[in-house]
Amino acid sequence: MLKIKNLHAKVGDNEILNGLNLEVKPGELHAIMGPNGSGKSTLAAVLAGREAYEVTDGMVELDGTDLLDLEASDRAREGVFLAFQYPIEIPGVSNLNFMKAAVNAKRAHQGQPPIKAKDFLAKVKECSSLVELDGKLRDRSVNEGFSGGEKKRNEIFQMAILEPKLCVLDETDSGLDIDALRVVSKGVNAMRSKDRAFIVITHYQRLLDHIIPDFVHVLSNGRIVKSGGKELALELEDKGYDWIKEEQNA
Amino acid sequence: MTVLTDIFKSTLPPPTRKSERWKYSPISKLLNSTLSTDSSEIDGGFSNEIAPNPVEGLEAYRLVFRNGKFNHSLSDLPIAKGVICMPQSEVSGEDVPEFKNTYSKTEWVGELNESYHQDGLFLKIDRNIKLDRPVLIHHLTDGKDVASFPRHFVRVEEGGEVDVVVWSSSTKNSSGMYNGILEASIAPNATLTLEKVCNEDGKIYHFSHENIIQERDSKFKMHTFTVKGHWVRNELEIISRGKGTDSIFNGAFLPTGNEHVDNHTTMDHTSTDGTSSELYRGIMYGTSTGVFNGKVFVRPDAQRTNAFQQNTNIVADRGASINAKPELEIYADDVKCSHGCTVGQFDLDALFYLKSRGIDEKAAKALLVEAFLADVISSVPCTELREEIMKIYKERHGW
Numbered sequence: 005m006l007k008i009k010n011l012h013a014k015v016g017d018n019e020i021l022n023g024l025n026l027e028v029k030p031g032e033l034h035a036i037m038g039p040n041g042s043g044k045s046t047l048a049a050v051l052a053g054r055e056a057y058e059v060t061d062g063m064v065e066l067d068g069t070d071l072l073d074l075e076a077s078d079r080a081r082e083g084v085f086l087a088f089q090y091p092i093e094i095p096g097v098s099n100l101n102f103m104k105a106a107v108n109a110k111r112a113h114q115g116q117p118p119i120k121a122k123d124f125l126a127k128v129k130e131c132s133s134l135v136e137l138d139g140k141l142r143d144r145s146v147n148e149g150f151s152g153g154e155k156k157r158n159e160i161f162q163m164a165i166l167e168p169k170l171c172v173l174d175e176t177d178s179g180l181d182i183d184a185l186r187v188v189s190k191g192v193n194a195m196r197s198k199d200r201a202f203i204v205i206t207h208y209q210r211l212l213d214h215i216i217p218d219f220v221h222v223l224s225n226g227r228i229v230k231s232g233g234k235e236l237a238l239e240l241e242d243k244g245y246d247w248i249k250e251e252q253n254a
Numbered sequence: 047m048t049v050l051t052d053i054f055k056s057t058l059p060p061p062t063r064k065s066e067r068w069k070y071s072p073i074s075k076l077l078n079s080t081l082s083t084d085s086s087e088i089d090g091g092f093s094n095e096i097a098p099n100p101v102e103g104l105e106a107y108r109l110v111f112r113n114g115k116f117n118h119s120l121s122d123l124p125i126a127k128g129v130i131c132m133p134q135s136e137v138s139g140e141d142v143p144e145f146k147n148t149y150s151k152t153e154w155v156g157e158l159n160e161s162y163h164q165d166g167l168f169l170k171i172d173r174n175i176k177l178d179r180p181v182l183i184h185h186l187t188d189g190k191d192v193a194s195f196p197r198h199f200v201r202v203e204e205g206g207e208v209d210v211v212v213w214s215s216s217t218k219n220s221s222g223m224y225n226g227i228l229e230a231s232i233a234p235n236a237t238l239t240l241e242k243v244c245n246e247d248g249k250i251y252h253f254s255h256e257n258i259i260q261e262r263d264s265k266f267k268m269h270t271f272t273v274k275g276h277w278v279r280n281e282l283e284i285i286s287r288g289k290g291t292d293s294i295f296n297g298a299f300l301p302t303g304n305e306h307v308d309n310h311t312t313m314d315h316t317s318t319d320g321t322s323s324e325l326y327r328g329i330m331y332g333t334s335t336g337v338f339n340g341k342v343f344v345r346p347d348a349q350r351t352n353a354f355q356q357n358t359n360i361v362a363d364r365g366a367s368i369n370a371k372p373e374l375e376i377y378a379d380d381v382k383c384s385h386g387c388t389v390g391q392f393d394l395d396a397l398f399y400l401k402s403r404g405i406d407e408k409a410a411k412a413l414l415v416e417a418f419l420a421d422v423i424s425s426v427p428c429t430e431l432r433e434e435i436m437k438i439y440k441e442r443h444g445w
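Residue numbers (my numbering), protein chains in the order written: chain Y, 5 to 254; chain P, 47 to 445.
Here's what the structure looks like:
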């Protein structure tokens, strides 16, 4: 589904990604771990199409479509979803109007008519119960005055509404208490299917107790330096990253 | 047509950039033109371009003016007990209004209006009378180098209530000057709501001045929307003369191309326990220029005043600009006053967030603009008016 080859990217003059390769097949869930500054969030931002990041080399394909050629909004319509590490507050734009606009933008892209109000509300009801998002939060301005946990649940709520092909979760576990972590994980697990793939960026193994990955990759200096199964996360939790760095230097 | 050859030879000199009040709104181009007042027959038709009722579906009493002249056949005046609502040209005897504001003595624009003033609204609401519908004044400018000088007079007696809409429009090929004054006084416990909308095609220099006197416990609420206009100067002066007055005045302006919009407001608290709340929001597109100047005076006797002012601006395009200046002068010591003034750009993080959900840049900006304007627009009491203003903004900016 997703093919990343030799990806190089920079912000300003800082080279952050240095030849990253990754292939993700439908149904798979890949966890990406790595020390601070290794390029995890940059990878997420580059996949979603953030303009401040400049891709200098390499390619990214989603089901044969060159993603790097597309605007952020077109990538989303093609089925890429980024759950933000720090979701943005947008006063005055209601969460529901926002989602309706997003759903209809995607439908228009697929040549479908706008969603019927009744169908949309049914969908909202279903998806908000998935992440236990309170009706009041749903109806308020986007993320305005939400707690850290509420913002992250709102990200998963949006993901459920938009039914993307590829979900990229950027440190969705940061700032979550144990209960919220469970709720968010439950939402993610409910969305796992044979046609949908996930890239889950995290610092902590504890998220991977709830969301079991098929693969774990370690990112260091802008490339994947080690890959393994879910047991690699446990090993990292236990030993830290130094042994990988030593392995590389050896 | 009466050509006003001496139009600019007034006692008071025309403002120049040296005057602080006019520094950012030069009028030299206007001074180089030759203007005339329209002397054609009254009731001589209106326009094919613009409907006499500019707000679809709005049920309102209506006074229609074309180039400053009242048009009877297109107007619809209320017949209600305790309400006098008619063009000033038809007022006689002791009812003839006496304009008390000193604008004609202090400003060139005001002096012109006094020298050449034409017709206007005369509205008097008696004690405890509440008019059932808004009174809409529609002023059309139609023609080349036309000057119009409307004057409107509103008096709301004790406990009375009325909503007035002042809408100005012009046809595409029109040019000239609109110089309008509205004077209103609001008696104790009375309420006046005023909406001023400028939606002018063509190249009109639009000067409007509202002078509002508030007596004890009266309420005044106003919205100023510059929807479209080549060169627009909105001046609002509110004087609170009794205790416990409440004044709310909000505005929105979204100039584009090389349009110019200037909002000058003055809130003068002279008595105790008054509250005022001001919110102006602007978005400058293209190479447009904007001005905001908001003065708030709290005089020595105006203890326990609560005054709030906010002005937020977005400069959307390179080449556009705004000069914004809040001015607070507080001479009383037991007051709550706050003001905030910002000039910024579209929030790029918010824009990316919206785009990352599949909403394209244009639609994302439209959502942000709508949110930005919501606080100003949502406080307009009349739904049809609110919707019409939003509709025009949307059409203009292609949201």
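Backbone N, C-alpha and C define an ideal beta-carbon position, used for all residues, glycine too.
Do residue i and residue j have their C-beta atoms closer together than 9 Å?
i	j	result
V222 of chain Y	K230 of chain Y	yes
T311 of chain P	K341 of chain P	yes
G256 of chain Y	G139 of chain Y	Because chain Y here runs from 5 to 254, residue 256 of chain Y falls outside it and cannot be looked at.
Y251 of chain P	L76 of chain P	yes
V208 of chain P	H198 of chain P	no
V84 of chain Y	G53 of chain Y	yes
L24 of chain Y	I228 of chain Y	yes
E55 of chain Y	L71 of chain Y	no
L51 of chain Y	L173 of chain Y	no
A410 of chain P	S77 of chain Y	yes
P180 of chain P	A106 of chain P	yes
A453 of chain P	G205 of chain P	Summary: the structure shown does not reach residue 453 of chain P, with chain P confined to residues 47 through 445, and so no result is reported for it.
S323 of chain P	S293 of chain P	yes
V192 of chain Y	I160 of chain Y	yes
S220 of chain P	V243 of chain P	no
D421 of chain P	G96 of chain Y	yes
L300 of chain P	I329 of chain P	yes
L21 of chain Y	E65 of chain Y	no
S145 of chain Y	I94 of chain Y	yes
S425 of chain P	N296 of chain P	yes
Mind reading off the beta-carbon distance from residue i to residue j? Whole number of angstroms is fine, and I expect it under 8 Å.
i	j	result
I183 of chain P	A298 of chain P	With a Cβ gap of about 20 Å, I183 of chain P and A298 of chain P do not count as contacting.
T187 of chain P	G156 of chain P	The pair is not a contact, with the Cβ atoms about 20 Å apart (cut-off 8 Å).
I87 of chain Y	T176 of chain Y	Per the sequence shown, the amino acid found at residue 87 of chain Y is Ala instead of Ile. Indeed, because the Cβ distance is near 5 Å, the residues count as touching under 8 Å.
N339 of chain P	E373 of chain P	7 Å
R142 of chain Y	L100 of chain Y	6 Å
V307 of chain P	G336 of chain P	5 Å
S194 of chain P	N159 of chain P	Not confirmed; about 10 Å, so no contact.
Check whether chain C comes within 9 Å of residue i, counting only Cβ atoms and requiring the distance to be less than that.
i	result
A13 of chain Y	Looking for chain C here will not work: the only protein chains present are Y and P.
Members of the region 50–68 of chain Y that neighbour chain P once the beta carbon cut-off is set at 8 Å: Shown in chain order are the members of the region 50–68 of chain Y whose Cβ falls below 8 Å from a Cβ of chain P: A52, G53, R54, E55.
Threshold first: 3 residues or longer. Then list the beta strand (DSSP E) segments lying entirely within the region 94–174 of chain P, N to C. With a minimum length of 3 residues, the continuous beta strand (DSSP E) runs that stay inside the region 94–174 of chain P are 107–112, 115–122, 129–133, 167–171.
Sufficient close CB pairs (3 or more, under 8 Å) joining the region 165–181 of chain P to the region 67–79 of chain P: In the pairwise beta carbon analysis, the region 165–181 of chain P is classified as not touching the region 67–79 of chain P: fewer than three pairs are separated by under 8 Å.
Check whether the region 284–293 of chain P touches the region 111–129 of chain P, counting contact only when three or more Cβ pairs, one atom from each stretch, lie closer than 8 Å. Touching, no.
Meets three-Cβ-pair contact criterion under 8 Å: the region 145–159 of chain P and the region 216–230 of chain P: Yes, they touch.
Using a Cβ distance threshold of 8 Å, determine whether the region 394–405 of chain P contacts the region 258–277 of chain P, with at least three qualifying pairs required. No: the two stretches stay apart, fewer than three of their Cβ pairs being nearer than 8 Å.
Evaluate the contact criterion for the region 100–109 of chain Y versus the region 119–127 of chain Y: three or more CB pairs, one atom per stretch, below 8 Å. Because the criterion of three Cβ pairs below 8 Å is met, the region 100–109 of chain Y and the region 119–127 of chain Y touch.
Is there contact here, the region 133–143 of chain P with the region 90–100 of chain P, by at least three beta-carbon pairs under 8 Å? Result no; under three Cβ-Cβ pairs closer than 8 Å.
So, does the region 235–248 of chain Y touch the region 58–76 of chain Y, judging by three or more C-beta pairs under 8 Å? At 8 Å Cβ cutoff, the stretches do not touch.
At 3 residues or longer, and completely inside the region 13–60 of chain Y: list those beta strand (DSSP E) runs for me, N to C. Look at the region 13–60 of chain Y and you find these whole runs of beta strand (DSSP E), each 3 residues long or longer: 18–28, 33–37.
Can you list, in chain order, the residues of the region 142–154 of chain Y whose Cβ is nearer than 9 Å to any Cβ on chain P? Sequence-ordered contacts of the region 142–154 of chain Y with chain P read S145, V146, N147 [C-beta pairs closer than 9 Å].
Does the count of Cβ pairs from the region 419–436 of chain P and the region 301–321 of chain P closer than 8 Å reach three? Counting Cβ pairs under 8 Å, fewer than three are found: no touch.
Within the chosen definition, does the region 356–372 of chain P reach the region 380–390 of chain P through at least 3 CB pairs nearer than 8 Å? They touch, by the three-pair rule.
Pair every Cβ in the region 30–48 of chain Y with every Cβ in the region 210–221 of chain Y, then say whether three or more of these pairs are closer than 8 Å. In short, these stretches touch, since the Cβ pair count reaches three.
Would you be able to state if there are at least three C-beta pairs under 8 Å between the region 14–29 of chain Y and the region 184–196 of chain Y? Touching, no, given that fewer than three Cβ pairs across the two stretches are closer than 8 Å.
Under 8 Å, with one C-beta from each stretch per pair, do the region 118–126 of chain P and the region 253–262 of chain P reach the 3-pair mark? Under the three-pair Cβ rule at 8 Å, the region 118–126 of chain P does not count as touching the region 253–262 of chain P.
Pull out every residue of the region 256–282 of chain P whose Cβ sits closer than 8 Å to any Cβ of chain Y, in chain order. Taken residue by residue, none of the region 256–282 of chain P has a beta-carbon sitting less than 8 Å from a beta-carbon on chain Y.
Segments of 3+ residues assigned as beta strand (DSSP E) that fall wholly inside the region 156–220 of chain Y: For the region 156–220 of chain Y, whole beta strand (DSSP E) runs of length 3 or above, ordered along the chain, are 170–174, 201–205.
What residue ranges within the region 272–301 of chain P form continuous beta strand (DSSP E) runs of no fewer than 3 residues, ordered along the chain? Taking only runs of at least 3 residues, the beta strand (DSSP E) segments lying wholly in the region 272–301 of chain P are 277–286, 292–299.
Using Cβ-Cβ distances below 8 Å, what residues of the region 225–253 of chain Y are close to chain P? From the region 225–253 of chain Y, no residue has a Cβ closer than 8 Å to chain P.
Can you pull out the residues from the region 156–180 of chain Y whose beta carbon lies closer than 8 Å to at least one beta carbon of chain P? Answer in chain order: Q162, L166.
Note down, in chain order, all residues in the region 194–212 of chain Y with a beta-carbon under 7 Å from any beta-carbon belonging to chain P. Residues passing the 7 Å Cβ filter: none.
Please list the residues of the region 315–338 of chain P that have a C-beta atom closer than 7 Å to any C-beta atom in chain Y, keeping them in chain order. For the region 315–338 of chain P, the set of positions with a beta-carbon nearer than 7 Å to some beta-carbon of chain Y is empty.
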